[in-house]
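Asks: According to the numbering used here, the sequence shown is numbered sequentially starting from 238.
Yeah, the Cβ is synthetic: ideal placement off N, Cα and C, and Gly gets one too.
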Amino acid sequence: EVPREDTPSLEIRLPKGHIEPGETPEEAAVREVCEESGYCHLAIVADLGELHNEFDFRNKHIIRDERYFLMRLTRPDRQAPHNPHPHSEEALFEPLWADSLDEAEALLTFESEKTFIRRARDWLLRE
238 EVPREDTPSL EIRLPKGHIE PGETPEEAAV REVCEESGYC HLAIVADLGE
288 LHNEFDFRNK HIIRDERYFL MRLTRPDRQA PHNPHPHSEE ALFEPLWADS
338 LDEAEALLTF ESEKTFIRRA RDWLLRE
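#1: Using beta-carbon positions only, say whether residue 285 and residue 357 come within less than 8 Å of one another.
#2: Alpha carbon to alpha carbon, how far is residue 308 from residue 301? Give it in angstroms, no decimals.
#3: Hey, residue 346 and residue 249 are a contact pair by Cβ (cut 8 Å); roughly how many whole angstroms apart?
#4: With DSSP as the reference, please indicate the residues paired to residue 287 in a beta bridge.
#5: Check whether the Cβ atoms of residue 288 and residue 303 lie closer than 8 Å to each other.
#6: State the start and end residues of the unbroken alpha helix (DSSP H) segment that holds residue 356.
#7: Which of the three DSSP states, helix, strand or coil, is assigned to residue 257?
#8: Look at the alpha carbon of residue 330 and the alpha carbon of residue 343, and state the distance between them as a whole number of angstroms.
#9: Skipping 5 residues on each side, what residues in its chain have a beta carbon closer than 7 Å to that of residue 348?
#10: Reducing DSSP to helix, strand and coil, say where residue 293 ends up.
#11: Report the option in 364, 292, 264 and 293 whose CA atom is closest to the CA atom of residue 279.
#12: Give every residue of the same chain whose Cβ lies closer than 7 Å to the Cβ of residue 252, excluding the five residues on either side of it in the sequence, and list them in chain order.
#13: Please report the straight-line C-alpha distance between residue 295 and residue 350, rounded to a whole angstrom.
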């Protein structure tokens, strides 16, 4: 996903968020992708594992564990859905499709997220 043009910075990121009370990591992942991209008809095909990540942001040292899942659309339409909440935090993003995993890896802003693209590629090559 890509921040909309009227946001302060342009970063190309994978959808992400926090697990809500009572949610599994898988449920949270599907919910976050749905909220941030508008694509809600999803199926998880692989758990891409976790990665411990540390970085500095706005004068704070951030430590977090990230976990991603490889998903597929369960409907064939790649047309970006309309955002029903145009003033929400999620409205700051718009989906961006890459034509290949190589292109996705090259486009992503942060190295930690590129790691998950490489894991997805490895999983797909094994299947």
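Replies: The relevant details are as follows:
#1: yes
#2: 22 Å
#3: 5 Å
#4: According to DSSP, residue 287 bridges with 304.
#5: yes
#6: 348–363
#7: coil
#8: Cα to Cα, the separation comes out at about 19 Å.
#9: Excluding residues within five positions, none has a Cβ falling inside 7 Å.
#10: strand
#11: 264
#12: 238, 269, 270, 273 and 274
#13: 20 Å
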